[in-house]
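In this text, residue positions in the sequence shown follow my numbering: the first is 48, and each later residue adds one. Cβ coordinates follow ideal geometry from the N, Cα and C atoms, glycine included. Bear in mind the structure is a predicted one, so any value in this text is a computation, not a measurement. Worksheet for the structure shown next.
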Amino acid sequence: MRLFFAGEIPEEHKKALAVVQERLKDAKADVKWVEPGNLHITLRFLGDVNPKRIPELKKLAEEVGRLYGSFELSIKNLGVFPTKGPPRVVWAGIEEGKKQLSMLAQAIASRVAKLNFKEEEHEFKAHVTFGRIKSLRGTPELLEVVMKNGVDLAPWYLDSIVLMESQTTKTGSIYKKVCVFPLGKRKEPQAIS
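Listed below in structure tokens is the structure:
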């Protein structure tokens with residue numbers, strides 16, 4: 048099973064992001080676009096995992112969920128990775144909640160490392176992958192469209208993390224929830240007396 052930990056995006060936000068994606072598609076670049084229903088925030092990619100290891104991943108996620116309260120996230124801005132050299136990924140950035148999301152991803156990564164999973168090749172960057180650039184065809188036009196378009200969605204609360212399975216098919220990836228793990232209670236601001 049190909050597994051990863053993710054943060055979910057509300058359906059109404061996925062619809063708004065799909066509209067932005069359609070504008071980017073006008074560039075006619077050689078991009079494999081993520082289906083709007085599959086948009087998510089990857090917290091930690093695990094790769095191929097023996098199903099017998101799922102109980103230890105559940106325990107890990109439950110522990111992280113108890114330690115971290117839910118928090119607000121917002122999606123703002125568009126860009127490409129990497130910033131130097133040919134771009135390979137088109138993304139939408141996380142604005143509000145970026146620090147908390149990074150801390151959550153780090154908590155998962157450190158526990159995953161203790162379970163002897165392969166380390167990530169790249170440092171965690173809070174983003175939503177819109178598409179993967181397959182060749183340079185149409186890339187200048189795509190970059191121009193990215194610079195001219197933006198995204199600025201209303202904040203929402205991330206109140207759970209999800210262990211997802213990625214199944215690759217001829218028509219693209221299919222994501223299935225394996226388990227959902229709630230984050231702890233929100234930390235409401237305290238009145239100062």
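| Check | Outcome |
| --- | --- |
| For ILE221, which residues does DSSP report across the bridge? | GLN214 |
| On a Cα-Cα basis, can you pick out the residue from LEU230, LEU148 and LEU50 that is closest to PRO98? | LEU50 |
| Would you give the residue range spanned by the beta strand (DSSP E) that GLU55 belongs to? | 49-55 |
| Could you give the first and the last residue of the continuous beta strand (DSSP E) run that contains LYS145? | Note, LYS145: premise wrong, no beta strand (DSSP E); alpha helix (DSSP H) at 145-161. |
| Around the Cβ of PRO134, are there at least 16 other Cβ atoms within 10 angstroms (buried) or fewer (exposed)? | buried |
| Taking the beta carbon of GLN68 as the centre, do at least 16 other beta carbons fall within 10 Å, making it buried, or is it exposed? | buried |
| Thinking C-alpha only, which one of PHE118, GLY178 and THR176 is nearest MET150? | PHE118 |
| Would you tell me roughly how many angstroms separate the C-alpha atoms of LEU190 and GLY116, rounded to the nearest one? | 37 angstroms |
| Assuming ILE88 contacts ALA53 under a Cβ cut-off of 8 angstroms, what Cβ separation, rounded to an integer in Å, is found between them? | 6 angstroms |
| Could you spell out where the alpha helix (DSSP H) holding HIS60 opens and where it closes? | 58-72 |
| Are VAL198 and ALA154 close, meaning C-beta to C-beta below 7 angstroms? | no |
| The alpha helix (DSSP H) that contains THR130, what's its start and end? | Where THR130 is concerned, there is no enclosing alpha helix (DSSP H), given that its DSSP letter is neither H nor E. |
| With three or more beta-carbon pairs closer than 8 angstroms as the criterion, would you say the segment 163-181 touches the segment 215-224? | no |
| Could you spell out the range, first to last residue, of the beta strand (DSSP E) harbouring GLY178? | 174-180 |
| Strictly by DSSP, which residues pair up with SER207? | PRO229 |
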